[in-house]
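The structure appears below as structure tokens.
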Amino acid sequence: MSQSALQIDSDRHLGALGNFAQDDRLAGADREIIVDRGDAASGSCGPGNAAVRLCNHDASVVENDVALGEWCLLTGGQSHENLRDALIRPRRIAKRRAFHPGFGGHLRPVARRLDRRHSGLPIHRSPISDARLPSRLVLSVLAKILRRRLAAYADCPNQQTGTPRRSAAVQGRNPFKSASLSPGFRLPVRIVGMRTPFRSRARTSPSPIGQRPLDEPDEIESSVPINTLGASPLIFRKRLKDPPDPPARGGDLVALVGPENETLGFGYFNPKSEVSVRVLRSGETPPDEAFWDGLLDRAVRLRRDILKLDDVTDTYRVIHSEGDWLSGIVIDRYGDTLSAEAFGLGLFQRGQAILERLSRLLGTKHWLLRPGPYTEAQEGFTAEPVSSPVLPRSVVVQEFGTKFRVEFQGGHKTGFFCDQRDNRRRLAGFTAGKSVLDLCCYTGGFSITAKKLGNAAEVAGVDLDEQPLKIARSNAQLNAVKANFVQADVFPYMRDMIRSNRQFDVVVLDPPKLIRNRAELDEGTRRHFDLNRLAMQLVKPDGILLSCSCSGLLQDADFLRLLYSASRQAGDAIGPADDNGFQRRGPRDMQILFRTGASPDHPVSANYPESDYLKAAWMRLS
């Protein structure tokens with residue numbers, strides 16, 4: 311772009327390709343000039359000025375430094391030499407992965423071209439070239455079409471003063487979403503080759519995501535050809551021989567047919583997920599009323615008649631996804647309220663019907679259904695939570711005589727995790743008269759239990775999130791116990807404790823899920839190692855460390871090796887005491903007393919061992 315093309319002239323206007331189009335003039339000094347360089351355009355900037363937004367780089371314009379994504383004003387009649395390279399050859403372009411989000415992330419040449427087109431780089435070697443100018447007729451037709459689309463926003467002065475409104479660009483608003491254009495506003499045309507940055511197109515399911523009944527038509531319309539059914543309830547996209555015939559919508563029940571056109575089973579189909587089908591039932595009989603009654607009744611009888619959980623608590627898991635042969639949904643009971651989290655589209659659409667049936671079996675009054683935290687990225691759908699007509703904001707539940715408040719508004723799940731029930735009770739046997747440190751305490755499950763059931767002398771809980779800590783303090787008041795809850799990042803907190811030579815008799819380390827997918831396996835394993843290496847230095851000699859991991863991708867054998875390595879390096883790289891006040895501690899001898907997992911209301915299916923996610927190691931450190 312020539313330097314003159316960046317000058318602001320009161321009677322000329324940047325045309326379609328960035329040069330001055332002769333048929334697109336400004337009538338006078340009361341017109342606005344716009345150089346569009348981002349997601350939004352600017353509105354009235356004042357006569358003879360222009361608003362420029364630099365999205366992909368930093369540049370110094372006039373006397374002000376323009377930060378990433380900010381708007382700046384260019385006054386009329388000035389030339390800005392340092393802006394030329396910023397517009398044509400950005401100094402810093404954000405790194406972008408060239409992949410097509412709708413096809414599993416495979417690299418494709420067209421994606422590379424799109425990535426360059428939307429990165430802010432010019433498409434042609436000479437985007438501002440008179441030889442490539444479209445004809446005046448094309449420009450006038452395009453301008454007319456675009457002007458019509460903005461006709462509703464033209465001639466909109468301030469209703470109170472009658473004068474043109476202040477520039478929406480300066481105020482940080484999108485002028486095309488508010489009537490802030492001065493009279494006689496003429497539509498600016500974007501510069502070809504200076505388009506908005508490339509954005510991944512999120513996969514979304516058919517809208518709206520409505521609830522469906524459990525009863526299906528007698529004849530299943532769509533069928534999906536596969537070679538074999540297999541033991542796992544998950545059928546990934548690569549296993550499908552052909553798409554459903556006839557085509558199926560997301561969430562439809564489809565029949566799974568083999569090479570001889572025999573029916574192998576039935577499942578819920580989702581074309582936008584890598585898990586294309588979640589198998590619901592094997593065999594030739596489609597799921598009917600008797601199937602659903604038997605499946606839900608069997609889950610309830612396990613908790614009520616075999617485990618007898620109603621005798622010790624009123625909060626437990628009722629449906630544990632694949633462990634209860636219902637892949638894609640988990641349902642917990644909190645007093646008289648059922649809380650469900652759906653990970654699969656088909657079961658989210660039928661979640662209300664399932665919860666209503668379970669409410670009749672359990673005698674509960676309220677229910678809440680919401681999608682899982684990663685359904686948009688993994689399953690391709692988003693949806694608002696669905697609940698019974700009257701849903702309490704919170705309830706108070708009891709576990710072995712200890713009370714806990716459960717919040718249903720916001721937070722990860724509900725803030726109270728039933729899978730650690732037996733581990734909380736076991737911990738109480740080690741804490742009588744002891745000092746306890748609960749790292750990543752969340753709402754204080756281990757802390758409160760150690761104090762009330764275990765009669766601990768001193769309890770401290772640490773978590774980064776303030777909202778769960780408020781619930782933890784409320785739980786301490788409910789149980790009339792004293793516990794100190796600190797809002798802090800556990801990494802610097804543990805280092806501060808090491809510097810001050812502070813140690814505890816019992817340390818609990820129960821971090822959130824650190825490994826969500828295989829791409830995060832190495833980084834998540836390293837973070838587990840660092841957490842345990844620091845936590846081991848806070849345990850007194852002959853003290854107890856309970857270390858947990860809820861990352862299913864971290865195998866049990868790898869978790870044990872990680873703990874052993876952490877114990878050997880527990881005193882490394884701390885620094886001499888005379889330099890920084892550290893007390894250098896050597897490797898810790900570790901004894902594993904026992905290993906536990908989730909409570910038995912979280913059963914593991916032999917057909918899907920991946921559902922055995924929770925690992926808890928009880929260690930004695932010398």
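This note's numbering numbers the first residue of the sequence shown as 311 and each following residue consecutively. By construction, the Cβ of each residue, glycine as well, lies at the ideal position given by its N, Cα and C atoms. Quick caveat: nothing in here was measured; it's all calculated off a predicted structure.
Mapping the DSSP letters down to three states, classify G633 as helix, strand or coil.
As a working mapping, residue 633 is identified with position 323 in the sequence shown. Looking at G633 - three-state DSSP - the assignment turns out to be helix.
Given that a residue counts as buried once 16 or more other Cβ atoms are within 10 Å of its Cβ, and exposed if not, what is Y684?
Position 374 of the sequence shown, counting from 1, holds the residue named residue 684. Per the 10 Å Cβ criterion, exposed.
Near A767, what residues of its chain come up, given a Cβ to Cβ distance below 7 Å and the 5 sequence neighbours on each side ignored?
Numbered from its first residue, the sequence shown carries residue 767 at position 457. Once the five neighbours on either side are set aside, the close Cβ partners of A767 are G743, K744, S745.
How about L619 and D911: do their beta carbons lie closer than 8 Å?
In the sequence shown, residue 619 corresponds to position 309, counting from 1. In the sequence shown, residue 911 corresponds to position 601, counting from 1. Closer than 8 Å, so yes.
Does the stretch 534-549 come within contact of the stretch 576-595, defined as at least 3 CB pairs closer than 8 Å?
Segments in contact, yes.
Do L747 and F814 count as a contact pair if the criterion is CB distance below 8 Å?
Residue 814 sits at position 504 when you count from the first residue of the sequence shown. Residue 747 sits at position 437 when you count from the first residue of the sequence shown. Contact flag set, yes.
Which residues in the same chain have their Cβ closer than 6 Å to the Cβ of R905, if we skip the five residues on either side of it in sequence?
In the sequence shown, counting from the first residue as 1, residue 905 sits at position 595. Counting only Cβ-Cβ distances below 6 Å, and skipping sequence neighbours, we find A927.
F795 to L819, Cα distance in whole Å?
The sequence position of residue 795 within the sequence shown is 485, counting from 1. The sequence position of residue 819 within the sequence shown is 509, counting from 1. If you take the alpha carbons of F795 and L819, they lie about 15 Å apart.
Using the beta-carbon count (16 or more within 10 Å), is N785 buried or exposed?
Here the question's residue 785 lines up with position 475 in the sequence shown. Flag for N785 reads buried.
Per DSSP, cross-strand counterpart(s) of P681
One-based indexing of the sequence shown puts residue 681 at position 371. DSSP lists A652 as the beta-bridge partner residues of P681.
How is the alpha helix (DSSP H) around Q521 delimited, first residue to last?
For the purposes of this step, residue 521 is identified with residue 211 of the sequence shown, where counting begins at 1. That residue, Q521, is in no alpha helix (DSSP H); it is neither H nor E in DSSP.
Counting only runs of 4+ residues fully inside the stretch 713-800, write out the alpha helix (DSSP H) ranges in chain order.
Positions of the alpha helix (DSSP H) runs, each at least 4 residues long and wholly inside the stretch 713-800, are given as 731-738, 755-762, 776-788 in order along the chain.
Length of the line joining the Cα atoms of D598 and D525:
Within the sequence shown, numbered from 1, the residue matching residue 598 stands at position 288. Within the sequence shown, numbered from 1, the residue matching residue 525 stands at position 215. Cα to Cα, D598 sits roughly 6 Å from D525.
On the criterion of 16 or more Cβ atoms from any shown chain inside 10 Å, does G593 qualify as buried, or is it exposed?
If you number the sequence shown from 1, residue 593 lands on position 283. G593 is exposed by the Cβ-count criterion.
Considering only the alpha carbon of each residue, which of C860, R680, A916 lies closest to G834?
Position 524 of the sequence shown, counting from 1, holds the residue named residue 834. Measuring from the Cα of G834, the nearest candidate turns out to be C860.
I need the straight-line Cα distance from L550 to P535, nearest angstrom please.
Here the question's residue 550 lines up with position 240 in the sequence shown. Here the question's residue 535 lines up with position 225 in the sequence shown. CA-to-CA, the gap between L550 and P535 works out to about 6 Å.
So, at 6 Å on beta carbons, what are the nonlocal neighbours of M807 in its own chain, with the 5 sequence-adjacent residues on each side left out?
For the purposes of this step, residue 807 is taken as the residue at position 497 of the sequence shown. Scanning its chain for C-beta atoms nearer than 6 Å, with the 5 sequence neighbours on each side dropped, one finds around M807 the residues L848, in chain order.
State the DSSP-derived secondary structure class of T595, mapped to helix, strand or coil.
As a first step, residue 595 is located in the sequence shown; it is residue number 285 there, counting from the start. It is coil, neither helix nor strand.
Which of the three DSSP states is assigned to T933 in this structure?
Because the chain is modelled from 311 through 932, residue 933 falls outside the range shown and cannot be assessed.
Extent of the continuous beta strand (DSSP E) to which Y578 belongs
By one-based count along the sequence shown, residue 578 stands at place 268. For Y578, the uninterrupted beta strand (DSSP E) run begins and ends at 573-579, by DSSP.
Our contact map puts K561 next to R522 with C-beta atoms below 8 Å; I'd like the distance itself, whole angstroms only.
Along the sequence shown, one-based indexing puts residue 561 at 251. Along the sequence shown, one-based indexing puts residue 522 at 212. One detail in the question is off: residue 561 reads as Gly in this sequence, not Lys. Sure, about 7 Å apart at Cβ, within 8 Å.
How many angstroms separate the CA atom of E920 from the CA atom of G862?
Residue 920 sits at position 610 when you count from the first residue of the sequence shown. Residue 862 sits at position 552 when you count from the first residue of the sequence shown. Approximately 7 Å, taken between the alpha carbons.
Which residue or residues does DSSP assign as beta-bridge partners of W928?
Residue numbering aside, residue 928 sits at position 618 when the sequence shown is read from its first letter. Paired residues: L856, F904.
Taking only the alpha-carbon atoms, compute the straight-line gap between D634 and L668 and give it to the nearest angstrom.
The residue labelled residue 634 in the question sits at position 324 within the sequence shown. The residue labelled residue 668 in the question sits at position 358 within the sequence shown. Cα to Cα, D634 sits roughly 14 Å from L668.
To which residues of the same chain is Q662 closer than 7 Å at the C-beta, ignoring the five residues directly before and after it?
For this step, residue 662 is matched to residue 352 along the sequence shown. Excluding positions up to five away in sequence, the list reads Q521, L679, V696.
Three-state secondary structure assigned by DSSP to R660
Position 350 of the sequence shown, counted from the start, is the residue given in the question as residue 660. The answer is coil: DSSP assigns R660 none of H, G, I, E or B.
Could you tell me how far apart the beta carbons of M846 and L749 are, in whole angstroms, since I believe they sit closer than 8 Å?
Along the sequence shown, one-based indexing puts residue 846 at 536. Along the sequence shown, one-based indexing puts residue 749 at 439. That pair is no contact at about 12 Å.
Assuming K761 and A782 are in contact, meaning their beta carbons sit under 8 Å apart, how far apart are those beta carbons, in whole angstroms?
On the sequence shown, residue 761 is found 451 positions in, with the first residue counted as 1. On the sequence shown, residue 782 is found 472 positions in, with the first residue counted as 1. Rounded, the Cβ-Cβ distance is 11 Å, inconsistent with contact.
If we cut at 8 Å on Cβ distances, does V716 have a partner in chain D?
Going by chain labels, chain D is absent from the structure shown, which holds only one protein chain.
How many angstroms separate the CA atom of I530 from the CA atom of H630?
Position 220 of the sequence shown, counted from the first residue, corresponds to residue 530. Position 320 of the sequence shown, counted from the first residue, corresponds to residue 630. Between I530 and H630, the C-alpha separation is close to 27 Å.
Is it buried or exposed for S909, if we count other Cβ within 10 angstroms and need 16 for buried?
For the purposes of this step, residue 909 is taken as the residue at position 599 of the sequence shown. When all chains shown are included, S909 counts as buried.
DSSP three-state assignment for R643, whether helix, strand or coil:
Here residue 643 refers to the residue found at position 333 when the sequence shown is read from its first residue. For R643, the three-state secondary structure derived from DSSP is strand.
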